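Single-structure report; data block below.
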Amino acid sequence: MRNRRKIFNNRRFGLAVFLALIVCFSTIVLDVCTGSSVFATTSKDVVETNFFGNFEDDGSGCGVYTILNLVIDILSMGVAIAGVIGVTIAGIQYMSAKDSEEKTKKAKRRIFEIVIGLVAYAILFVGVQWLLPGGMMNPKCKTITNEQLAQMKEHEKQEEQERLKKEQAEKTNKENEKKVKEQRQKQQQENKAYKNCMKKAAKVVRSKICKLETGAEKISETAKMLAWSASQASNASYKATSNYTKAASQVGTSGLPGNACSGFVKTVLRASGLASDFSSNKGYNTACINDYLKNSPNWKNIKTLKNSTPRPGDIAVFPKPCGCNCDEAQMGHTLVYVKSGGKTVVAEASYHTNPAKRKYGYMTTSKRTYHNSSNFNIYRYVGELTHSLTKVGD
Numbered sequence: 021m022r023n024r025r026k027i028f029n030n031r032r033f034g035l036a037v038f039l040a041l042i043v044c045f046s047t048i049v050l051d052v053c054t055g056s057s058v059f060a061t062t063s064k065d066v067v068e069t070n071f072f073g074n075f076e077d078d079g080s081g082c083g084v085y086t087i088l089n090l091v092i093d094i095l096s097m098g099v100a101i102a103g104v105i106g107v108t109i110a111g112i113q114y115m116s117a118k119d120s121e122e123k124t125k126k127a128k129r130r131i132f133e134i135v136i137g138l139v140a141y142a143i144l145f146v147g148v149q150w151l152l153p154g155g156m157m158n159p160k161c162k163t164i165t166n167e168q169l170a171q172m173k174e175h176e177k178q179e180e181q182e183r184l185k186k187e188q189a190e191k192t193n194k195e196n197e198k199k200v201k202e203q204r205q206k207q208q209q210e211n212k213a214y215k216n217c218m219k220k221a222a223k224v225v226r227s228k229i230c231k232l233e234t235g236a237e238k239i240s241e242t243a244k245m246l247a248w249s250a251s252q253a254s255n256a257s258y259k260a261t262s263n264y265t266k267a268a269s270q271v272g273t274s275g276l277p278g279n280a281c282s283g284f285v286k287t288v289l290r291a292s293g294l295a296s297d298f299s300s301n302k303g304y305n306t307a308c309i310n311d312y313l314k315n316s317p318n319w320k321n322i323k324t325l326k327n328s329t330p331r332p333g334d335i336a337v338f339p340k341p342c343g344c345n346c347d348e349a350q351m352g353h354t355l356v357y358v359k360s361g362g363k364t365v366v367a368e369a370s371y372h373t374n375p376a377k378r379k380y381g382y383m384t385t386s387k388r389t390y391h392n393s394s395n396f397n398i399y400r401y402v403g404e405l406t407h408s409l410t411k412v413g414d
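For the sequence shown, the residue numbers in the numbering used here are 21 to 414.
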C-alpha cells in the first residue's frame with residue numbers, strides 16, 4: 021500500500037501521465053481535423069465507393085483528397101498509438117530507474133524524443149496543409165455517410181414527385197385555359213358567322229341554314245328549301261315554290277327567270293348568304309355563274325384535284341363562251357348538288373327551248389355524270405365560316 025502511494029505521489033509518474041494525455045489529445049485533434057461529414061447539394065454530387073466511403077465530388081479532385089485524408093488518418097492513428105506506447109514504456113522506465121542516474125537520463129531522453137517526434141509530425145502536417153491548394157482537409161470535399169446519402173436521395177425523390185405534381189397541375193391548368201380560350205374563340209366565331217349569315221341570307225331560309233357550320237351545308241340546305249322535292253318534281257313545270265319566290269324577292273333576283281338553271285343557282289347562292297357580292301342585277305347566265313365562282317377566293321374548281329367527285333354543296337357549271345349577255349337558251353347548264361335521303365342528288369332548273377319542257381327549281385334522283393365531262397367545272401366553297409374550314413379535296 022505504501023509503495024502504491026509512493027508511485028502516485030511520484031513526480032515522474034505525473035509527468036508520464038501528462039505526456040500520455042498530450043499524445044491522446046493530439047490524436048483526437050488530428051482525427052477531427054482530417055474528417056468531416058456534411059450533406060452535398062444533391063446526391064448527384066456524391067461519389068459512392070465501397071472502400072473509401074461516399075464523398076462529395078465538385079470536379080476538384082475530391083477523390084484524391086479522400087484517399088489522402090484516409091492515409092493521414094491511418095498515419096495519425098499510428099503516430100498516436102506509437103506515442104502512447106512509447107511514453108508509457110518510457111514512463112515505466114523512468115519510474116523504475118530509482119537512483120540510477122543513467123536509467124533516468126535514458127528514460128528522459130526517450131520521452132523527449134517522442135515529444136520531438138510528435139512536434140515534428142505536427143509541423144509536417146501543418147506544412148503540407150499550407151502547401152496543398154485548399155489544404156489536405158479540403159472544405160469542398162466532404163464525406164457523406166450511407167445514412168445521410170439515403171436521406172438525401174429520399175428527400176430528392178419527394179422533391180421530384182412534388183415537382184412532377186406541380187408540372188402536371190400547371191400543364192392541366194394550361195390545357196384547361198387553352199380549351200376555354202378555344203371554346204370562347206369558337207363561340208365568338210360562330211356568333212360572328214351567325215350574325216353575318218342572318219344579315220346576308222334570305223329571311224325565308226335564315227332560321228335553318230345560319231346554324232350550320234360549313235358552306236357546303238348552307239348551299240345544300242338552301243337549294244333543298246327553294247326547289248321542289250323529287251316526289252313533287254311534276255309541279256316544277258308550272259311554277260316555282262313559295263320559298264323560291266320569297267327568297268328571290270328578298271335577295272333581288274326576282275327579275276330573273278325562275279325556270280332558268282342559272283337564275284335558280286344564282287338565287288340559291290345569294291339566298292345562302294355566301295355570295296352577297298354576286299351582283300343581283302348583273303347577267304345571270306351560266307357564263308356569269310362560272311366567271312363569279314372562278315374569280316372568287318371562296319370557291320375552288322375541284323376538277324383540278326385527283327378526287328373531283330361532287331358532294332353536297334358543290335356547283336356544276338357548263339358555260340357557253342358567249343359572255344353574260346347571251347340568251348339563256350344558248351348558255352349550257354348549271355346545277356347544285358344536294359344531300360337527300362343520305363344520297364347526293366341534284367337540284368336544278370331548265371330553261372328549255374321548248375316552253376313545255378321548262379321547269380322551275382326541282383330535285384331529281386336521276387344519275388348525273390356532269391363531273392365526268394370536260395365541259396363542266398365543279399366548284400366547292402372553301403371560305404371560312406366559323407371555327408372550321410370546308411377543306412378542298414376532303
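Every residue, glycine too, gets a C-beta built ideally from N, C-alpha and C.
On a predicted model such as this, the values are computed, not experimentally measured, just so you know.
| Does the Cβ of residue 276 have 16 or more other Cβ atoms within 10 Å, making it buried, or fewer, making it exposed? | Here residue 276 refers to the residue found at position 256 of the sequence shown. Buried: at least 16 other Cβ atoms inside 10 Å.
| query | In three-state DSSP terms, what is residue 232? | reply | Position 212 of the sequence shown, counting from 1, holds the residue named residue 232. Reduced to three states, the DSSP call for residue 232 is coil.
| query | Can you name, in chain order, every residue of its own chain whose Cβ lies under 6 angstroms from the Cβ of residue 336, other than the five neighbours on each side? | reply | As a first step, residue 336 is located in the sequence shown; it is residue number 316 there, counting from the start. Excluding positions up to five away in sequence, the list reads 355, 390, 396 and 398.
| query | If you check the beta carbons only, do residue 107 and residue 134 fall under 8 angstroms apart? | reply | Along the sequence shown, read from residue 1 onward, the residue named residue 107 stands at position 87. Along the sequence shown, read from residue 1 onward, the residue named residue 134 stands at position 114. Yes, these two residues count as a Cβ contact at 8 angstroms.
| request: Can you say whether residue 218 is buried or exposed, counting buried as having 16 or more other CB atoms within 10 angstroms of its CB? | output: Within the sequence shown, numbered from 1, the residue matching residue 218 stands at position 198. Flag for residue 218 reads exposed.
| If you draw a straight line from the alpha carbon of residue 265 to that of residue 191, how long is it in whole angstroms? | Position 245 of the sequence shown, counted from the first residue, corresponds to residue 265. Position 171 of the sequence shown, counted from the first residue, corresponds to residue 191. Taking the straight line from one Cα to the other gives about 56 angstroms.
| message | Measuring straight from C-alpha to C-alpha, what distance separates residue 339 and residue 256? | response | For the purposes of this step, residue 339 is identified with residue 319 of the sequence shown, where counting begins at 1. For the purposes of this step, residue 256 is identified with residue 236 of the sequence shown, where counting begins at 1. Residue 339 and residue 256: Cα-Cα distance of roughly 23 angstroms.
| Rounded straight-line distance, which links the Cα of residue 274 to that of residue 418 | Nothing in the structure corresponds to residue 418, since the chain is present only between 21 and 414.
| Cβ-Cβ distance between residue 306 and residue 353 below 8 angstroms | Here residue 306 refers to the residue found at position 286 of the sequence shown. Here residue 353 refers to the residue found at position 333 of the sequence shown. Taking 8 angstroms as the Cβ cut-off, residue 306 and residue 353 qualify as a contacting pair.
| request: Sort out for me which residues DSSP pairs residue 321 with in a bridge. | output: The count along the sequence shown starts at 1 and reaches residue 321 at position 301. DSSP lists 399 as partners of residue 321.
| query | Across which residues does DSSP place residue 364 in a beta bridge pair? | reply | For this step, residue 364 is matched to residue 344 along the sequence shown. Residue 364 pairs with 359.
| residue 288 to residue 394 span [Cα, whole Å] | Translated into positions along the sequence shown, residue 288 becomes position 268. Translated into positions along the sequence shown, residue 394 becomes position 374. Taking the straight line joining both Cα atoms gives about 25 angstroms.
| task | With a 10 Å radius around its C-beta and 16 neighbouring C-beta atoms as the bar for buried, classify residue 282 as buried or exposed. | result | Position 262 of the sequence shown holds residue 282. Buried, because 16 or more other Cβ atoms sit within 10 Å of the Cβ of residue 282.
| field | Simplified DSSP state of residue 352, which is helix, strand or coil | value | To locate residue 352, count along the sequence shown from 1; it is residue 332. DSSP places residue 352 in coil when its eight states are reduced to three.
| field | Bridge partners - residue 379, DSSP secondary structure assignment | value | As a working mapping, residue 379 is identified with position 359 in the sequence shown. In the DSSP output, where bridge partners are listed per residue, residue 379 has 370.
| field | Three-pair Cβ contact test at 8 angstroms for the segment 239 to 253 versus the segment 375 to 387 | value | yes
| request: Taking residue 227 as the reference, give the member of 236, 214 and 299 with the closest Cα. | output: For the purposes of this step, residue 227 is identified with residue 207 of the sequence shown, where counting begins at 1. That would be 214, whose Cα lies nearest to the Cα of residue 227.
| message | Suppose the cutoff is 6 angstroms on Cβ atoms and the five residues either side in sequence are ignored; what does the same chain contact list for residue 270 look like? | response | For the purposes of this step, residue 270 is taken as the residue at position 250 of the sequence shown. Excluding sequence neighbours, residue 270 sits near 222 and 223.
| query | Count the other CB atoms within 10 Å of the CB of residue 184; is the residue buried (16 or more) or exposed (fewer)? | reply | Taking the first residue of the sequence shown as position 1, residue 184 is located at position 164. The residue in question, residue 184, is exposed, as its Cβ has fewer than 16 Cβ neighbours within 10 Å.
| query | What separation, rounded to the nearest whole angstrom, lies between the Cα atoms of residue 150 and residue 88? | reply | Counting from 1 along the sequence shown, the entry for residue 150 is found at position 130. Counting from 1 along the sequence shown, the entry for residue 88 is found at position 68. So the alpha carbons of these two residues sit roughly 15 angstroms apart.
| Which residues mark the beginning and the end of the alpha helix (DSSP H) in which residue 189 is found? | If you number the sequence shown from 1, residue 189 lands on position 169. It spans 166 to 220 - the alpha helix (DSSP H) in which residue 189 sits, taken as one unbroken run.
| task | Tell me whether residue 357 is buried or exposed, calling it buried when 16 or more other Cβ atoms sit within 10 Å of its Cβ. | result | To locate residue 357, count along the sequence shown from 1; it is residue 337. Residue 357 is buried by the Cβ-count criterion.
| message | Please classify residue 251 as buried or exposed, where buried requires at least 16 neighbouring CB atoms within 10 angstroms. | response | Numbered from its first residue, the sequence shown carries residue 251 at position 231. Classification for residue 251: exposed.
| Among 333, 120, 97 and 98, which residue has its Cα nearest to the Cα of residue 238? | Sequence index remark: in the sequence shown, residue 238 carries index 218 (1-based). Out of 333, 120, 97 and 98, 333 has the C-alpha closest to the C-alpha of residue 238.
| message | Quick check on residue 145: does DSSP put it in helix, strand or coil? | response | Numbered from its first residue, the sequence shown carries residue 145 at position 125. Correct three-state label for residue 145: helix.
| request: Look at the alpha carbon of residue 115 and the alpha carbon of residue 105, and state the distance between them as a whole number of angstroms. | output: Counting from 1 along the sequence shown, the entry for residue 115 is found at position 95. Counting from 1 along the sequence shown, the entry for residue 105 is found at position 85. Near 15 angstroms, if we compare the C-alpha coordinates of residue 105 and residue 115.
| request: Please report how far the alpha carbon of residue 268 lies from the alpha carbon of residue 199, in whole angstroms. | output: Your numbering for residue 268 matches position 248 in the sequence shown. Your numbering for residue 199 matches position 179 in the sequence shown. The alpha-carbon atoms of residue 268 and residue 199 are separated by roughly 42 angstroms.
| field | As assigned by DSSP and simplified to three states, the class of residue 384 | value | For this step, residue 384 is matched to residue 364 along the sequence shown. The answer is strand: DSSP assigns residue 384 an E or B state.
| field | Own chain, CB closer than 7 angstroms to residue 43, minus 5 neighbours either side, in chain order | value | On the sequence shown, position 23 is the one that residue 43 refers to. Annotation note: pLDDT 48 at residue 43 (below 50); position unreliable, no value reported.
| task | Could you name the residues that DSSP lists as bridge partners for residue 335? | result | Position 315 of the sequence shown, counted from the first residue, corresponds to residue 335. Partner(s): 356 and 399.
| With residue 293 and residue 403 assumed to form a contact (beta carbons below 8 angstroms), what rounded beta-carbon distance in angstroms separates them? | By one-based count along the sequence shown, residue 293 stands at place 273. By one-based count along the sequence shown, residue 403 stands at place 383. About 11 angstroms; that fails the 8 angstroms criterion.
| message | Whole angstroms are fine: how far does the CA of residue 248 sit from the CA of residue 261? | response | Counting from 1 along the sequence shown, the entry for residue 261 is found at position 241. Counting from 1 along the sequence shown, the entry for residue 248 is found at position 228. Distance between the alpha carbons of residue 261 and residue 248: 6 angstroms.
| request: Please name the residue or residues paired with residue 248 in a DSSP beta bridge. | output: Stepping through the sequence shown from its first residue, residue 248 is reached at position 228. Looking at the DSSP assignment, residue 248 forms a beta bridge with 382.
| message | So, at 8 angstroms on beta carbons, what are the nonlocal neighbours of residue 124 in its own chain, with the 5 sequence-adjacent residues on each side left out? | response | Along the sequence shown, one-based indexing puts residue 124 at 104. If we look at residue 124 and ignore the five residues flanking it on each side, its Cβ neighbours are 114 and 117.
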